[in-house]
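Asks: First to last, the sequence lines map onto chains U and L.
Per the working numbering, residue 32 is the first one in the first sequence, and the count goes up by one each step.
Per the working numbering, residue 747 is the first one in the second sequence, and the count goes up by one each step.
Glycine included, C-beta positions come from ideal geometry on N, C-alpha and C.
All values derive from a computational prediction rather than experimental measurement.
Dumping the structure here so I can ask a few things about it.
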Amino acid sequence: MTRLALLLTLAFAAAIALPLVAPGYLVDVGMLVFFLAFIGQSWNISGGFAGQTSFGHAVFFGTGAYTSTILQITFGWNPWLAWPAAMLAGAIVGWFIAVLSFRAGLRGSYFALITLAFAEAFRILANSLSFTHAGLGMLIKADPRPANFQFKDPIWFYYLALALCIVSLLIAWQLTCGRLGARLVAVRENEDAARALGIDVFAEKVKALSLAGAIAAAGGTFYAQKYLYIDPNIAFGVDKSIEMLLVTMVGGAGTIFGPLLGALALTGINEATRTLASIVPAFKNVQPLSLIVYGVMLILIVGRLPDGLARLFRRVDRHA
Amino acid sequence: MLEVSGITKSFGGLKAVDSASLDVQAGEIVALIGPNGAGKTTLFAILAGFHQPDAGRIVFDGRDIAGLPPHQICAAGMVRTFQITQPFARITVRENIMVGAYLRIDDRSKARDRAEAVAAQVGMAAQLDRLGADLTVAGRKRLELARALATGPRLLLLDEVMAGLNPTEITEIVEVIRAIRASGVTILLIEHVMQAVTSLADRAYVLNQGRMIAEGTLAEIASNPAVVEAYLGHGAAEVMRA
Chain U
32 MTRLALLLTL AFAAAIALPL VAPGYLVDVG MLVFFLAFIG QSWNISGGFA
82 GQTSFGHAVF FGTGAYTSTI LQITFGWNPW LAWPAAMLAG AIVGWFIAVL
132 SFRAGLRGSY FALITLAFAE AFRILANSLS FTHAGLGMLI KADPRPANFQ
182 FKDPIWFYYL ALALCIVSLL IAWQLTCGRL GARLVAVREN EDAARALGID
232 VFAEKVKALS LAGAIAAAGG TFYAQKYLYI DPNIAFGVDK SIEMLLVTMV
282 GGAGTIFGPL LGALALTGIN EATRTLASIV PAFKNVQPLS LIVYGVMLIL
332 IVGRLPDGLA RLFRRVDRHA
Chain L
747 MLEVSGITKS FGGLKAVDSA SLDVQAGEIV ALIGPNGAGK TTLFAILAGF
797 HQPDAGRIVF DGRDIAGLPP HQICAAGMVR TFQITQPFAR ITVRENIMVG
847 AYLRIDDRSK ARDRAEAVAA QVGMAAQLDR LGADLTVAGR KRLELARALA
897 TGPRLLLLDE VMAGLNPTEI TEIVEVIRAI RASGVTILLI EHVMQAVTSL
947 ADRAYVLNQG RMIAEGTLAE IASNPAVVEA YLGHGAAEVM RA
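Encoded structure:
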């Protein structure tokens with residue numbers, strides 16, 4: 032435990048100091064890592080702890096992004112105020128999908144496909160409705176003032192992403208040392224046994240998905256404020272769903288640090304391959320080199336390290 | 747404490763349980779025996795809320811619980827174990843038992859204390875840090891018992907906790923079950939190991955093809971012709987008497 036505390040303190044200090052010493056490019060990469068770790072934690076709560084694999088987590092991400100953006104553009108809300116509203120919307124969508132699918136008794140791959148269907152349905156709706164500006168997407172007017180949730184210096188987005196990441200780690204840590212987390216894991220491991228031991232399996236799954244929805248939606252708002260533009264594909268596209276699933280699976284589903292480790296690994300690979308492609312002529316035309324490496328990595332992880340990278344730190348990650 | 751009357755349950759055309767009745771008084775150990783496929787486990791599943799009965803009443807502590815979901819029945823104080831053990835495989839024995847303890851305890855360290863006390867009670871203190879998946883058959887059976895016990899029940903439904911154990915292990919678990927009863931928990935158990943049934947149970951019910959065919963003390967049951975025939979086949983009772 033003390034070794035873990037020391038490691039975390041060092042990592043935290045490094046994360047705080049990074050923007051002060053590193054070039055701007057690395058600050059952006061770091062922001063991306065923390066952002067991915069944050070939205071990955073959303074998947075981790077419902078998919079990793081509670082074991083309800085989803086292929087459509089983008090439905091929450093997009094709900095958050097669109098809710099805060101619409102409130103801001105159409106109704107003139109301050110984005111800071113729209114943020115909790117977006118989280119609430121994400122939680123409601125999570126609650127709704129959970130009630131619908133778990134009442135119907137959907138499990139495993141059936142549930143995963145239902146989430147994918149919801150994300151696709153939301154994408155198509157966002158693509159055709161006028162209040163989401165359809166396929167044009169929504170542009171947030173640049174007005175870089177902190178009161179506006181926009182920053183001139185990207186350092187502030189970096190620190191905000193770091194803060195979100197830390198909050199997500201704290202949530203996961205709270206889960207592992209409390210009753211809710213123990214119940215979610217019991218549901219994942221064996222629903223019948225959980226039921227026999229007095230757990231309302233349905234209610235616990237609904238809680239997990241609502242919480243996951245709120246977190247992913249918070250990530251959606253963050254994304255919209257950072258890039259000031261969203262469209263149906265960015266917000267509800269399958270890419271986001273896969274990203275959230277991938278960082279968690281690679282890092283270690285059902286562990287506190289899994290999404291962070293996965294986000295570090297995947298972002299690292301992404302940047303490394305991009306650099307490689309730009310300096311080695313032979314790779315120049317192999318466009319998404321990172322996707323090939325992702326694929327290989329996923330195969331290796333599933334085959335050799337099914338518990339993810341966190342397994343390598345087992346003694347550290349396992350709570351006392 | 748538990749009064750079951752006229753429970754019937756069909757699956758398709760098969761009547762798995764046919765108008766079965768039994769009752770259990772507080773402080774008793776009651777055995778439910780019968781040949782394979784008699785419907786014992788189905789009856790347990792109905793009592794614990796895993797199946798809805800087609801007909802019949804289940805009154806637990808004066809309250810009709812037929813039709814309630816399993817978690818509410820567990821919260822009311824009646825908990826089942828599984829014949830085919832269902833450990834939470836990828837968490838430790840301690841965490842497994844804590845899931846049960848969390849039913850009535852909110853605080854983590856108190857739940858852990860409770861889990862460790864229960865583990866000691868069933869003789870699992872040395873295995874607290876093993877994963878559920880790494881246990882032997884005997885270990886899994888004890889874990890079933892420990893998890894159920896950790897929920898703080900007043901009535902335990904034990905489904906073949908001795909099947910697959912060797913004689914030494916059976917002797918040990920018989921002692922554990924006795925101690926559980928002595929601590930004030932009433933027990934209804936399904937068991938095939940007759941040595942255990944005779945040494946533990948105050949009374950027994952015999953279920954055959956979904957029907958309750960006999961009830962009484964072990965001596966009464968052993969001499970009941972209907973029971974002998976259910977186990978050994980038609981005409982066996984006469985042969986035995988001869």
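Going along chain U in order, which residues have a C-beta closer than 8 Å to the C-beta of V825 of chain L?
Replies: Going along chain U in sequence order, the residues near V825 of chain L (Cβ under 8 Å) are A227, L228 and G229.
Asks: Please list the partners that E841 of chain L has in chain U, where partner means a Cβ-to-Cβ separation under 8 Å.
Replies: Per Cβ cutoff of 8 Å: A213 and V216.
Asks: Could you check whether the Cβ of L49 of chain U sits closer than 8 Å to any Cβ belonging to chain L?
Replies: Taking Cβ atoms only, chain L never reaches closer than 8 Å to L49 of chain U, which makes this a no.
Asks: Using only CA atoms, which one of L:N842, L:A928 and L:R854 lies nearest to K887 of chain L?
Replies: The residue with the shortest Cα to Cα distance from K887 of chain L is L:N842.
Asks: Starting from L45 of chain U, trace the alpha helix (DSSP H) both ways and give me its first and last residue.
Replies: The residue you asked about is not Leu; residue 45 of chain U is Ala in the sequence shown. Element bounds for A45 of chain U: T33 to V52.
Asks: Within 10 angstroms of its Cβ, does V327 of chain U collect 16 or more other Cβ (buried), or is it exposed?
Replies: Exposed is the call here.
Asks: Can the beta-carbon of A835 of chain L be found less than 8 Å from the beta-carbon of M870 of chain L?
Replies: No, the Cβ-Cβ distance between A835 of chain L and M870 of chain L is not below 8 Å.
Asks: Only counting the same chain, and skipping five residues up and downstream in sequence, which positions put a Cβ closer than 6 Å to that of R219 of chain U?
Replies: A81 and G82, listed in sequence order.
Asks: Starting from the C-beta of V973 of chain L, find all residues in its chain whose C-beta is less than 7 Å away, skip the five residues before and the five after it, and write them out in chain order.
Replies: The answer, listed in chain order, is V952, I959, A960 and I967.
Asks: Between U:D223, U:I300, U:A234 and U:A44, which lies nearest to Y190 of chain U when the distance is taken from Cα to Cα?
Replies: With distances taken between Cα atoms, Y190 of chain U lies closest to U:A44.
Asks: With L295 of chain U and Y325 of chain U assumed to form a contact (beta carbons below 8 Å), what rounded beta-carbon distance in angstroms separates them?
Replies: At roughly 14 Å, the Cβ-Cβ gap does not stay under 8 Å, so L295 of chain U and Y325 of chain U are not in contact.
Asks: Counting along the chain, where does the beta strand (DSSP E) carrying G746 of chain L start and finish?
Replies: Past the boundaries of the shown model lies residue 746 of chain L; chain L is included only from 747 to 988, so the question cannot be answered.
Asks: Along chain U, which residues have their Cβ under 9 Å away from the Cβ of F834 of chain L?
Replies: By Cβ distance, chain U contributes V216, A217, R219, E220, N221, A224 and A225.
Asks: Should M986 of chain L be flagged as near chain U, meaning a C-beta pair shorter than 8 Å?
Replies: Not one chain U Cβ lies under 8 Å of M986 of chain L.
Asks: Kindly give me the distance between the Cβ atoms of F162 of chain U and I261 of chain U, rounded to whole angstroms, as I take these residues to be in contact under 8 Å.
Replies: About 14 Å; that fails the 8 Å criterion.
Asks: Just to confirm before moving on: does the CB-CB distance between V750 of chain L and D764 of chain L stay below 8 Å?
Replies: Their beta carbons are not under 8 Å apart, which means V750 of chain L does not touch D764 of chain L by this criterion.
Asks: With K271 of chain U as the anchor, note down where its alpha helix (DSSP H) starts and where it stops.
Replies: That run of the alpha helix (DSSP H) goes V269 to G282.
Asks: Identify the contact partners of G209 of chain U in chain L, using a Cβ-Cβ distance below 7 Å as the criterion.
Replies: R854, listed in chain order.
Asks: Measuring alpha carbon to alpha carbon, tell me which residue in U:A68, U:P263, U:G339 and U:A150 is nearest L160 of chain U.
Replies: Comparing Cα-Cα distances from L160 of chain U to each of U:A68, U:P263, U:G339 and U:A150, the minimum goes to U:P263.
Asks: Nearest by alpha-carbon distance to I197 of chain U: which of U:E274, U:R138 and U:F288 is it?
Replies: Of the candidates U:E274, U:R138 and U:F288, the one whose C-alpha sits nearest the C-alpha of I197 of chain U is U:F288.
Asks: Closer than 8 Å by C-beta to T105 of chain U: which residues in its own chain qualify, once you throw out the five before and the five after it? Chain order, please.
Replies: Result list for T105 of chain U: F162, in chain order.
Asks: With DSSP as the reference, please indicate the residues paired to R957 of chain L in a beta bridge.
Replies: According to DSSP, which records beta bridges pairwise, R957 of chain L is partnered with L:N954.
Asks: In the DSSP output, what is G962 of chain L paired with across the bridge?
Replies: Note: G962 of chain L sits in a beta bridge opposite L:A950.
Asks: Looking only at its own chain, which residues have a Cβ that is under 7 Å from the Cβ of I923 of chain L, when we skip the five neighbours before and after it?
Replies: Once the five neighbours on either side are set aside, the close Cβ partners of I923 of chain L are I933 and L946.
Asks: In the DSSP output, which residue or residues are listed as bridge partners for F806 of chain L?
Replies: Bridge partners of F806 of chain L: L:L748 and L:R809.
Asks: Who pairs with I287 of chain U in a beta bridge, going by DSSP?
Replies: Note: I287 of chain U sits in no beta bridge, so no partner.
Asks: Using a beta-carbon distance below 8 Å, is P799 of chain L in contact with chain U?
Replies: It does not; no Cβ of chain U falls within 8 Å.
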